[in-house]
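Same order as they appear, the protein sequences are chains A and B. Heads up, our numbering is the position in the first sequence plus 27, with the first residue counted as 1. Heads up, our numbering is the position in the second sequence plus 240, with the first residue counted as 1. Below is one structure, written out as structure tokens; comments come after it.
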Amino acid sequence: MVLVYAEPTNGAFKKVAHELVNYARKTADVLGVECHALVLGDTPGAEALGAYGAGTVHRVISPQLEAFDAAVYTVAIADAAKKLGATVIILPHNSTGKNITGRLAARLEAGSVAGANAVPMMKDGYFTVTKPVFSGKAFADVQLLTDVKVISLAGNSIRVEETGGEATVTDLAIDLPAAKTKVVKHQVATGRVPLPEAELVVSGGRGVKGPEHWDVITDLAEALGATTACSRPVADSDWRPHHEHVGQTGVAIRPNLYIAAGISGAIQHLAGVNNSKTIVVINKDPEAPFFKAADYGVVGDLFEVLPRLTEAVKKFKG
Amino acid sequence: MKLLVCVSKTPETTTKIQLTADGKNIDTTGVQYIMNPYDEWYALVRALELKESAGGTVTILNVGPADNDSIIRKGLAIGADDAVRIDVTDEKDSLFTARQIAEYARGKDYDIIFFGKETISYNASEVGAMVAEFLDLPYIGDAIALEMEGGSATVTRDIEGGEEVIEVATPIALSAAKGLAEQRIPNMRGIMMAKRKPLEVVAAVDYPDTTRIAGYTKPEEKGSVKLIDPENMDELVRLLHEEAKVI
Ligand SMILES: Cc1cc2nc3c(=O)[nH]c(=O)nc-3n(C[C@@H](O)[C@H](O)[C@H](O)COP(=O)(O)OP(=O)(O)OC[C@H]3O[C@@H](n4cnc5c(N)ncnc54)[C@H](O)[C@@H]3O)c2cc1C
Ligand SMILES: Cc1cc2nc3c(=O)[nH]c(=O)nc-3n(C[C@H](O)[C@H](O)[C@H](O)COP(=O)(O)OP(=O)(O)OC[C@H]3O[C@@H](n4cnc5c(N)ncnc54)[C@H](O)[C@@H]3O)c2cc1C
């Protein structure tokens with residue numbers, strides 16, 4: 028059985044959970060086995076995960092799961108997997124997953140692939156999973172050699188398809204240890220899709236020339252419903268917050284659309300963004316290296332081009 | 241405080257990754273290596289700051305071949321007191337690496353074991369969490385702030401669209417992300433002193449392979465860029481809608 032940890036986003040099952048469950052379904056189909064989901068806590072709407080391919084949803088409800096503690100979550104997932112006889116366990120490759128995936132693989136002594144970007148395949152007789160390496164400069168085909176396998180999925184990796192109907196929801200009892208960590212503050216900005224999950228991203232570089240000019244970027248982002256990002260020097264100069272910095276030493280993203288304005292396209296920047304589906308580059312220098320990695324290019328002054336593009340988007344959206 | 245900083249080696253960031261003709265390996269001809277930036281810039285420096293304010297020792301540890309000694313020496317030049325290299329001839333997967341670190345650290349009573357957020361080579365973000373599980377320690381990934389008061393740590397971690405603040409008693413493990421500290425450049429004196437600092441080489445423990453890399457591929461090259469008249473952004477919107485189908 029493939030068991031997927033369906034992670035809620037701010038108290039509801041959203042895109043992250045839908046993509047994970049659908050990925051698990053596709054993995055289960057490759058292996059010809061069942062796909063079950065695991066829910067930690069009493070998030071409403073668990074039965075609706077059936078639409079993305081989970082036949083059964085197992086729910087563990089316990090006060091110990093209300094605040095996040097990676098060690099406790101790991102025990103919950105590991106023990107659920109053992110009880111249910113899961114052979115493949117799937118997690119998100121996000122801040123939650125990065126705290127759990129390694130723990131789970133170590134606890135189960137399972138081969139793992141962190142940050143997979145494609146549905147596993149059976150190749151040369153081995154269960155093989157592809158993941159980006161060298162910050163997206165290449166992909167590695169990783170064979171998992173153990174009976175139990177752990178995979179974490181990078182966001183925006185597959186096309187989410189609705190397949191089935193409602194899932195059966197059952198409760199699962201698991202003995203959990205006491206948490207050693209205490210969450211004293213949990214703060215998330217609402218109303219904005221976080222960068223790693225964003226499908227549309229508008230990004231600005233040093234060419235925007237200062238935080239006081241950023242409205243050309245944010246206006247376009249708002250018109251599109253996109254998330255904003257920036258190059259490293261922009262974050263280093265505190266023009267924008269650090270969490271917006273994309274690239275090899277920042278966030279690696281793979282949106283459907285990446286619009287880069289006033290960014291030259293250094294190799295370390297490209298490494299984190301070049302797996303975006305469509306790239307639009309706006310730069311006044313026709314020799315800027317970024318044009319070589321772009322699908323669409325606009326050679327021009329971003330202070331003229333961006334407002335024009337924002338207007339065009341607004342017109343298009345009516 | 242007894243602090244351990246785990247450092248890995250990674251190709252220099254401007255490296256163009258090339259594959260061998262059969263696609264089975266990375267062609268390492270001419271590749272220059274550096275210490276993984278997250279390990280050097282944030283993990284090591286925060287550890288040194290804690291030592292400077294509260295006393296103690298900073299040890300750096302690498303699992304790798306003898307070639308890595310130059311990277312380890314750089315860590316000593318930046319200010320670590322001593323170093324350990326667990327001797328393996330080839331880099332292996334995350335679980336193998338974590339097992340080596342855990343077996344070395346077990347029973348040595350480190351207050352904090354530092355990791356980088358991820359290697360910029362295999363981008364797993366797994367080794368630290370694995371070591372923590374093997375040693376039954378709390379682990380906090382993507383730490384952007386760390387304050388200590390006696391045996392109690394307050395750690396701020398990055399989460400999607402925000403942050404979380406966690407209180408936890410040492411011993412702990414954590415991974416360092418941007419914001420935890422500011423990069424330090426080694427000075428001449430540091431470089432000279434590093435030559436005389438101890439670098440212990442320890443034998444690896446046996447551990448079976450749980451994964452194997454069958455081969456590599458490169459991302460598809462983009463076709464040539466389609467240039468749009470900067471006066472005509474309606475055309476760009478049309479193409480994004482009709483051709484690229486992304487809006
Ligand atoms: C040239 C080269 C070739 C490689 N070839 C292979 C290969 O053929 N097969 C394979 O499976 N892997 C290979 N690797 C990767 C391999 O060495 C491990 O996977 C790597 O050590 C951990 O990478 P990761 O992305 O899993 O680490 P992460 O989990 O992302 O690392 C997090 C942190 O753990 C610590 N850490 C990671 N590695 C080490 C280390 N070696 N010593 C001390 N601390 C460490 C660092 O603090 C790092 O920031 C290769 C790496 C390099 C540089
Ligand atoms: C170890 C290491 C890691 C790194 N990691 C990262 C990383 O993760 N992410 C990252 O982004 N960088 C990273 N860098 C930095 C990288 O090498 C580049 O320096 C950086 O990406 C450049 O940022 P930029 O494109 O915003 O600025 P610049 O290179 O200065 O480019 C500005 C561009 O704006 C254009 N421009 C100026 N004015 C206008 C205008 N009015 N209209 C239109 N265009 C205009 C210019 O033609 C130019 O192309 C790293 C570097 C190192 C050494």
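Using N, Cα and C, we set each Cβ at its ideal position, and we do this for glycine too.
Does any C-beta atom of chain B lie closer than 8 angstroms to the C-beta of residue i?
i, result
"A:L92", "no"
"A:T208", "yes"
"A:A108", "no"
"A:A167", "yes"
"A:I294", "yes"
"A:H45", "no"
"A:N183", "no"
"A:S230", "no"
"A:E193", "no"
"A:N121", "yes"
"A:A349", "Outside the modelled stretch of chain A, which goes from 28 to 345, sits residue 349 of chain A, for which no answer is possible."
"A:K304", "yes"
"A:P221", "yes"
"A:A98", "yes"
Sorted by chain position, which residues of the same chain lie with C-beta nearer than 8 angstroms to residue i's C-beta, five sequence neighbours on each side aside?
i, result
"B:V247", "M275, N276, D279, E280, A283, L284, I300, L301, N302, I311, I312, G315 and G356"
"A:R130", "A97, A98 and T101"
"B:E403", "I384, T396 and R397"
"A:R219", "T254"
"A:G72", "A39 and F40"
"B:E475", "I468 and D469"
"B:T255", "V271 and Q272"
Counting only beta-carbon atoms, is residue i nearer than 8 angstroms to chain A?
i, result
"B:I341", "no"
"B:G254", "Gly is not the amino acid found at residue 254 of chain B; the sequence shown has Thr there. It does; some Cβ of chain A falls within 8 angstroms."
"B:R346", "no"
"B:T451", "yes"
"B:A323", "no"
"B:M275", "no"
"B:K332", "no"
"B:D523", "The structure shown does not extend to residue 523 of chain B, since chain B is modelled only from 241 through 487, so no value can be given for it."
"B:Y282", "no"
"B:S365", "yes"
"B:L420", "no"
"B:G368", "yes"
"B:L288", "no"
"B:I311", "no"
"B:G270", "no"
"B:L335", "yes"
"B:I326", "no"
"B:V486", "yes"
Since residue i sits in a beta bridge, which residues does DSSP pair it with?
i, result
"A:H213", "B:E404"
"A:R267", "DSSP output for A:R267 lists no bridge partner at all."
"A:R86", "A:V66 and A:D198"
"A:H272", "A:C257"
"A:N310", "A:V326"
"A:L76", "Paired residue(s): none; A:L76 is not in a bridge."
"B:M275", "B:K249"
"A:G119", "One point to set straight first is that residue 119 of chain A is Pro, not Gly, in the sequence displayed. Paired residue(s): A:L180."
"B:F355", "B:S415"
"B:A393", "B:M388 and B:V408"
"A:V229", "A:T255 and A:I286"
"A:A165", "A:V160"
"B:D322", "B:T299"
"B:I456", "A small correction: the amino acid at residue 456 of chain B is Tyr; Ile does not occupy that position in the sequence shown. A:A167."
"B:A383", "B:R397 and B:A416"
"A:I127", "Its beta-bridge partners do not exist; DSSP assigns none."
"A:A137", "In DSSP, A:A137 forms no bridge with anything."
Going by beta carbon distance, what residues of the same chain come within less than 6 angstroms of residue i, once the five residues before and after it are set aside?
i, result
"A:V308", "A287, F317, F318, A321 and G324"
"A:D69", "I88"
"A:G77", "G191, G192, E193 and A194"
If you drop the 5 nearest sequence neighbours on each side, which residues of the same chain put their C-beta closer than 7 angstroms to that of residue i?
i, result
"A:G138", "L171, L172, T173 and K176"
"B:T410", "D351, I352, G391 and A393"
### Message
Taking 5 angstroms as the limit, name every residue whose beta carbon sits nearer than that to some heavy atom of ligand 2, in sequence order.
### Response
A:G232, A:R233, A:G234, A:S258, A:R259, A:P260, A:G274, A:Q275, A:T276, A:G277, A:G289, A:I290, A:S291, A:A293, A:Q295, A:H296, A:N310, A:K311, A:D312, A:A315, A:D328, A:L329 and B:T253
### Message
What are the residues in the region 452 to 465 of chain B lying within 7 angstroms of chain A by C-beta distance?
### Response
R452, I453, A454, G455, Y456, T457, K458, P459, K462 and V465
### Selection of the region 372 to 390 of chain B by Cβ proximity to chain A, strictly under 9 angstroms
A372, E373, F374, D376, L377, P378, Y379, I380, G381, D382 and I384
### Query
For the region 124 to 140 of chain A, which residues have a CB atom closer than 9 angstroms to at least one CB atom of chain B, in sequence order?
G124, K125, N126, I127, T128, G129, R130, L131, A132, A133, R134, E136, A137, G138, S139 and V140
### Query
Mind listing which residues of the region 401 to 412 of chain B have their C-beta closer than 8 angstroms to chain A's C-betas, in chain order?
G401, G402, E403, E404, V405, I406, E407, V408 and A409
### Message
Give me the subset of the region 431 to 451 of chain B whose CB atoms are less than 7 angstroms from a CB atom of chain A, sorted by chain position.
### Response
D449, T450 and T451
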